[in-house]
Amino acid sequence: MSIEEIQEMFGVSDLKQTRVYQQGVEEGVRREKFRTVPLLLRIGLTVEQVARELELSTEEV
Numbered sequence: 315m316s317i318e319e320i321q322e323m324f325g326v327s328d329l330k331q332t333r334v335y336q337q338g339v340e341e342g343v344r345r346e347k348f349r350t351v352p353l354l355l356r357i358g359l360t361v362e363q364v365a366r367e368l369e370l371s372t373e374e375v
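Every position in the sequence shown, counted from 1, becomes a number in the numbering used here once 314 is added.
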C-alpha cells in the first residue's frame, strides 16, 4: 500500500503525527545510538563520556 492509501484507510492526514510513527522514529534513533557506542569506545572515549554524549546511562553503554 502507498502512504496515501494508508492515511486514507486510517483517516490520518499526516502519518508523522501518529504515536506509532513517533515511537518508530524514537526506536530508530535509539538503535543508532547503540550502534555508535563501540566506535566511540574504540576511539578512546570513556564510558561516562559516551553516556553523556549519547544521553544514555553508563549501564546502557
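Even for Gly, the Cβ is constructed at its ideal location relative to N, Cα and C.
Quick caveat: nothing in here was measured; it's all calculated off a predicted structure.
- Counting along the chain, residue 363 sits inside the alpha helix (DSSP H) bounded by residues 361–368.
- Rounded to whole angstroms, the separation of the alpha carbons of residue 322 and residue 343 is 28 Å.
- In the three-state reduction of the DSSP assignment, residue 350 falls in the helix class.
- Rounded to whole angstroms, residue 326 and residue 334 show a C-alpha spacing of 12 Å.
- Contact annotation: residue 374 and residue 348 have beta-carbon atoms nearer than 9 Å.
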